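Asker: Can you keep this structure in mind? I'll have questions shortly.
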Amino acid sequence: MKREKPSVSTKLSRFTSKVVSLAKKAVGGESEPPVQKGEGGYADWVIVGLHGLREYLGQSYRRLLDVLHEMPGIVAKFDLSVDEMPDFTTVCTRKQDLEMRIWRVLLRLSADLQETGEVKAIDATGLDRVSASQHYANRTNYTFRSVKTTALIDCETSMILDIHCSMTQPHDTQIGWQVMKQNLHRVETLTVDKGYDWDEFRRYLRKEGVRPVIKHRGFSSLDAAHNARIDDEIYHRRSVVESVFASLRRRFDDTIRARTWFGQFREIVLKAAVKNIEAAIRL
Numbered sequence: 001m002k003r004e005k006p007s008v009s010t011k012l013s014r015f016t017s018k019v020v021s022l023a024k025k026a027v028g029g030e031s032e033p034p035v036q037k038g039e040g041g042y043a044d045w046v047i048v049g050l051h052g053l054r055e056y057l058g059q060s061y062r063r064l065l066d067v068l069h070e071m072p073g074i075v076a077k078f079d080l081s082v083d084e085m086p087d088f089t090t091v092c093t094r095k096q097d098l099e100m101r102i103w104r105v106l107l108r109l110s111a112d113l114q115e116t117g118e119v120k121a122i123d124a125t126g127l128d129r130v131s132a133s134q135h136y137a138n139r140t141n142y143t144f145r146s147v148k149t150t151a152l153i154d155c156e157t158s159m160i161l162d163i164h165c166s167m168t169q170p171h172d173t174q175i176g177w178q179v180m181k182q183n184l185h186r187v188e189t190l191t192v193d194k195g196y197d198w199d200e201f202r203r204y205l206r207k208e209g210v211r212p213v214i215k216h217r218g219f220s221s222l223d224a225a226h227n228a229r230i231d232d233e234i235y236h237r238r239s240v241v242e243s244v245f246a247s248l249r250r251r252f253d254d255t256i257r258a259r260t261w262f263g264q265f266r267e268i269v270l271k272a273a274v275k276n277i278e279a280a281i282r283l
């Protein structure tokens with residue numbers, strides 16, 4: 001008798017299963033059917049999951065749906081048949097209708113796929129955007145060539161815990177304050193560079209039970225004395241953030257392709273969530 005080989009789950013299959021599961025939790029519709037037959041609409045979790053899959057495969061909207069028509073096994077993870085897949089225009093349009101909150105919840109859920117360590121780090125970079133139409137730029141005073149992107153990273157696993165995006169150039173201390181207010185329960189020790197040197201920020205962190213590892217800019221001998229007492233091993237772990245930004249650029253390119261600022265914010269957060277899921281399914 002010929003022995004059947006055990007089925008091997010591919011990375012694509014594992015990723016799809018995971019992104020569908022997280023998408024259902026992110027929208028709060030785990031029991032919601034994929035298609036509302038009477039209304040002809042697709043559940044929010046289907047749209048979120050398809051966008052995660054699109055980023056993972058690096059395909060355009062139209063190309064993604066073409067590819068999925070040849071992958072009935074992957075489509076089945078959405079509880080759909082190939083013939084029931086939405087049109088690519090539906091997938092594109094519905095993304096803008098979903099609240100930013102959903103994409104942020106997806107990111108937080110993806111970060112929980114691994115057990116994080118004690119030390120977290122914050123840093124910022126600029127992600128280039130494609131040029132908006134001249135009409136849109138004039139109407140919205142949209143002149144920035146990059147999106148200032150600040151990330152909170154776990155130094156043990158390199159998981160992205162949170163993302164802050166801005167079309168202006170706020171000071172790092174203000175962004176750090178805002179990011180930490182939303183993530184105090186995740187952080188025991190925070191290491192950041194001198195750009196976040198602000199005594200009020202340090203006091204706020206200590207008050208909330210977070211150990212700040214932030215070097216002073218060195219304007220006085222007292223600043224130098226403070227810096228000498230800092231644990232260099234912990235302080236230099238902030239370089240993990242730079243590695244994460246570099247890997248995001250290698251994986252997804254350096255250009256944000258959405259035309260609107262809110263679309264670009266969604267795109268960046270989704271890329272971060274996809275990166276987290278990829279890291280988790282490799283374990």
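Numbering of the sequence shown is given in the UniProt record's numbering, commencing with residue 1 and proceeding in unit increments. By construction, the Cβ of each residue, glycine as well, lies at the ideal position given by its N, Cα and C atoms. None of the values given here were measured: they were computed from a predicted structure.
Judging by CA-CA distance, which residue of Thr260, His185, Ala124 is the nearest neighbour of Tyr196?
Answerer: Here residue 196 refers to the residue found at position 196 of the sequence shown. The option with the nearest alpha carbon to Tyr196 is Ala124.
Asker: Does DSSP put Ile74 in a helix, in a strand, or in coil?
Answerer: On the sequence shown, position 74 is the one that residue 74 refers to. The answer is helix: DSSP assigns Ile74 an H, G or I state.
Asker: When the Cα of residue 332 is compared with those of Trp45, Tyr61, Ser220, which residue comes out closest?
Answerer: The structure shown does not extend to residue 332, since the chain is modelled only from 1 to 283, so the question has no answer here.
Asker: Check whether the stretch 171-187 and the stretch 225-235 are in contact - that is, three or more C-beta pairs closer than 8 Å.
Answerer: Flag = no, the stretch 171-187 and the stretch 225-235 do not touch.
Asker: Rounding to the nearest angstrom, what Cα-Cα distance links Leu68 and Arg251 in this structure?
Answerer: What you label residue 68 is simply residue 68 of the sequence shown in a count that begins at 1. What you label residue 251 is simply residue 251 of the sequence shown in a count that begins at 1. Going from the Cα of Leu68 to the Cα of Arg251 covers about 21 Å.
Asker: Would you give the residue range spanned by the beta strand (DSSP E) that Ser220 belongs to?
Answerer: Here residue 220 is taken as the residue at index 220 of the sequence shown, counted from 1. Taken as a continuous stretch (DSSP letters only), Ser220 belongs to no beta strand (DSSP E), as it is neither H nor E.
Asker: Got a sec? Which residues, its chain only, sit under 8 Å from Lys18 by beta carbon, not counting five neighbours each side?
Answerer: If you number the sequence shown from 1, residue 18 lands on position 18. So the list reads Leu113, Ile277, Ala280, Ile281, once near-sequence residues are dropped.
Asker: Would you kindly report the start and end of the unbroken beta strand (DSSP E) that includes Val154?
Answerer: Here residue 154 refers to the residue found at position 154 of the sequence shown. The amino acid occupying residue 154 in the given sequence is Asp; Val does not appear at that position. Start and end: 146-154.
Asker: Helix or strand or just coil, what does DSSP make of Val244?
Answerer: In the sequence shown, the residue the question calls residue 244 occupies position 244. Looking at Val244 - three-state DSSP - the assignment turns out to be helix.
Asker: Spatial neighbours of Gln178 within its chain, please: C-beta separation below 8 Å, excluding the five flanking residues on both sides.
Answerer: Against the sequence shown, residue 178 aligns to sequence position 178. So the list reads His164, once near-sequence residues are dropped.
Asker: In whole angstroms, give me the CA-to-CA distance for Arg237 and Ser243.
Answerer: In the sequence shown, the residue the question calls residue 237 occupies position 237. In the sequence shown, the residue the question calls residue 243 occupies position 243. Cα to Cα, Arg237 sits roughly 11 Å from Ser243.
Asker: Measuring only the C-alpha atoms, how far is Lys120 from Arg206?
Answerer: Stepping through the sequence shown from its first residue, residue 120 is reached at position 120. Stepping through the sequence shown from its first residue, residue 206 is reached at position 206. Approximately 15 Å, taken between the alpha carbons.
Asker: Can you give the Cα-Cα distance for Gln36 and Cys92, rounded to whole angstroms?
Answerer: Here residue 36 refers to the residue found at position 36 when the sequence shown is read from its first residue. Here residue 92 refers to the residue found at position 92 when the sequence shown is read from its first residue. Each residue's Cα considered, the two are about 19 Å apart.
Asker: In the structure shown, what three-state DSSP assignment does Leu113 receive?
Answerer: Translated into the one-based positions of the sequence shown, residue 113 becomes position 113. Leu113 falls in the coil class under three-state DSSP.
Asker: So the candidates are Leu22, Ala26, Ala43, Ala23; which of them puts its Cα closest to the Cα of Glu32?
Answerer: Within the sequence shown, residue 32 is the residue found at index 32, counting from 1. Minimum Cα distance to Glu32 is reached at Ala43.
Asker: Which of the three DSSP states is assigned to Glu267 in this structure?
Answerer: By 1-based counting over the sequence shown, the position of residue 267 is 267. Three-state result, Glu267: helix.
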